[in-house]
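Numbering (this note's numbering), first residue to last: 110 to 295.
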């Protein structure tokens with residue numbers, strides 16, 4: 110099978126597998142809070158650059174990295190790009206006591222599209238499921254993952270592979286207890 114077909118097959122499987130619940134809806138209404146060692150703000154361009162152990166929080170959404178560049182458009186939507194050796198993302202799922210967690214060398218969070226893109230050594234975990242690749246695009250709204258093994262097709266290196274561990278959601282049934290009427294009396 111060709112690598113592109115593998116990526117399409119995995120993306121299709123993950124779309125079918127995705128749970129019907131969504132990320133915390135209330136997060137969108139919460140203010141964005143940032144904590145860092147240093148900040149540079151360009152008010153005219155609506156770009157803020159935070160450096161040094163940066164933590165961005167909005168409700169249950171959390172982004173951590175060495176550097177975060179936040180851009181806000183005229184409508185108030187935010188684009189946050191997180192850089193770091195292991196930049197990370199975490200957000201609670203709607204109605205569940207579970208989180209989606211991810212990491213990569215670069216993470217791009219788009220509040221308008223409600224997407225998170227993980228680049229370079231990307232990894233996303235949800236419950237017991239774990240996917241890895243060079244690029245993972247995650248829709249916060251639909252909980253659909255798209256995973257690519259290679260982020261750079263310009264080199265002659267063989268394509269990198271996608272790795273996934275998907276746990277069965279089927280609970281093991283417990284054996285039925287013997288029926289008292291079916292058990293002979295002694």
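Idealized CB from N, CA, C, for every residue including glycine.
Span separating the alpha-carbon of residue 209 from that of residue 273: One Cα belongs to residue 209, the other to residue 273, and the distance between them is close to 15 Å.
Verify whether the separation of the beta carbon atoms of residue 212 and residue 187 is less than 9 Å. Taking a C-beta distance under 9 Å as the contact criterion, residue 212 and residue 187 do not qualify as a contact pair.
Bridge-paired residues (DSSP) for residue 257: Under DSSP, residue 257 forms a beta bridge with 244.
Coil, strand or helix - residue 223 by DSSP: Three-state result, residue 223: coil.
Residue burial classification, residue 202 (beta-carbon count within 10 angstroms, cutoff 16): It counts as buried.
Tell me the rounded alpha-carbon separation between residue 239 and residue 146. The straight-line gap from Cα to Cα measures roughly 32 Å.
Residue 156 and residue 179 closer than 9 Å at C-beta: Contact flag set, yes.
If you run the structure through DSSP and keep just helix, strand and coil, what is residue 207? DSSP places residue 207 outside both helix and strand once states are collapsed to three, so it counts as coil.
Could you name the residues that DSSP lists as bridge partners for residue 141? Per DSSP, none; premise fails for residue 141.
With DSSP as the reference, label residue 229 as helix, strand or coil. Residue 229 falls in the strand class under three-state DSSP.
Same chain, Cβ closer than 6 Å to residue 190, neighbours up to 5 away in sequence not counted: Closer than 6 Å at Cβ, skipping near neighbours: 178 and 217.
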